[in-house]
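First residue of the sequence shown: 15, per the numbering used here; consecutive thereafter. We treat Cβ as the ideally placed atom computed from N, Cα and C, and that holds for glycine. Since the model is a prediction, treat every value here as computed from it, not as a measurement.
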Amino acid sequence: MLKTRVLTAVILIPLVLAAMFGLGTRVWGAITLAIVVVGASEWANVAGLHKNASLLFVAGTMLIGAVLLFLIPAGFAPGQAWPEALVLLVCGSATIFWLFVAPLWLYSRWPVESKLVLALVGWLLLLATWVAVVEMRAQSPGLLLAMMAIVWIADTAAYFAGRRFGRRKLAPSISPGKTWEGVCGAMLAVCIYAAILLLFAHDLGYTRKLSLGFAAAWVATLLLLTALSVVGDLFESQLKRQRGIKDSGTILPGHGGVLDRIDALTAAMPAAALVSHYVIR
């Protein structure tokens, strides 16, 4: 299993980086939209949508994405992919969900029976993640990579810290493998990463003078993004557990489905887009 996971990652990572740094914003948007559409089909399964409802959900995702994709200016010029109001509305709504609704959903273990509610939540979360990664890519590929790396570093650190020091379960009924020690390891690793990123703040697009206050706020912001990534991971795990399924799909050998790989990104990227737009720029 580990060998398969590593092989899949070795193949995918260079492809993702090549697309991120080598393609225009609109082409990047089209490629990532295709990934989101696959994620939408998996969400339909996790949400328990029946065949016709599942087809409508996926088709709706494609239609909304195609309309937004058409609005992206062609070419390689950095800047904004969409009007500021659209990014604020979509990413802001998703961020509010992850900050306030998802934690209550997890705490109450709310078994949602309404397929419409689950479909609307799926559209919001998936499309907001897509808008976020396209918008940050329009600003700077390096900025997008730096933001996505927060989640990857946190996930890796949590895994190894949890294996080495893990004693107290974080949410045993949802994800038995996760521990509070793993979360602490993730937070520590992200603190170090945040300090390193401060050295390259101007390269990432920050134009003002660095200060101690900004440094403290920056570290706190990245820790918040890390916490959101944990919530996103647990949220998808709870939905799968309520449906009695282990993985959202099988498209990625050794990893499961697309949702299994982007669950944490889905929670962190909309907020990261707001940070990159209103703090870094």
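- Taking C-beta atoms under 8 Å as the contact rule, Leu157 and Gly106 fail to qualify, at a distance of about 19 Å.
- Unbroken alpha helix (DSSP H) runs of no fewer than 4 residues, entirely contained in the stretch 72–113, are found at 98–110, following chain order.
- Note that the C-beta distance between Asp247 and Asp217 is not below 8 Å.
- Taking all protein chains in view, the Cβ of Tyr207 is crowded by 16 or more other Cβ atoms within 10 Å, so the residue is classified as buried.
- Under a 10 Å Cβ-count criterion, Ser225 is classified as exposed, with fewer than 16 other Cβ atoms of the shown protein chains found around its own Cβ.
- Contact between the stretch 171–186 and the stretch 49–69 is absent: fewer than 3 CB-CB pairs across the two stretches fall below 8 Å.
- With a contact defined as Cβ atoms closer than 8 Å, Trp119 and Leu273 miss out at about 16 Å.
- When C-alpha distances from Leu211 are compared across Ala229, Thr221, Arg178 and Val197, the shortest belongs to Ala229.
- Closest in C-alpha terms to Gly196, from the list Ser187, Ile188, Arg178 and Pro186, comes Arg178.
- Taking the Cα positions, Leu83 is about 7 Å away from Gly43.
- Judged by DSSP in its simplified three-state form, Ala61 adopts coil rather than helix or strand.
- Going by DSSP, Gly191 is part of no alpha helix (DSSP H) but of the beta strand (DSSP E) stretching over Ser189 to Thr193.
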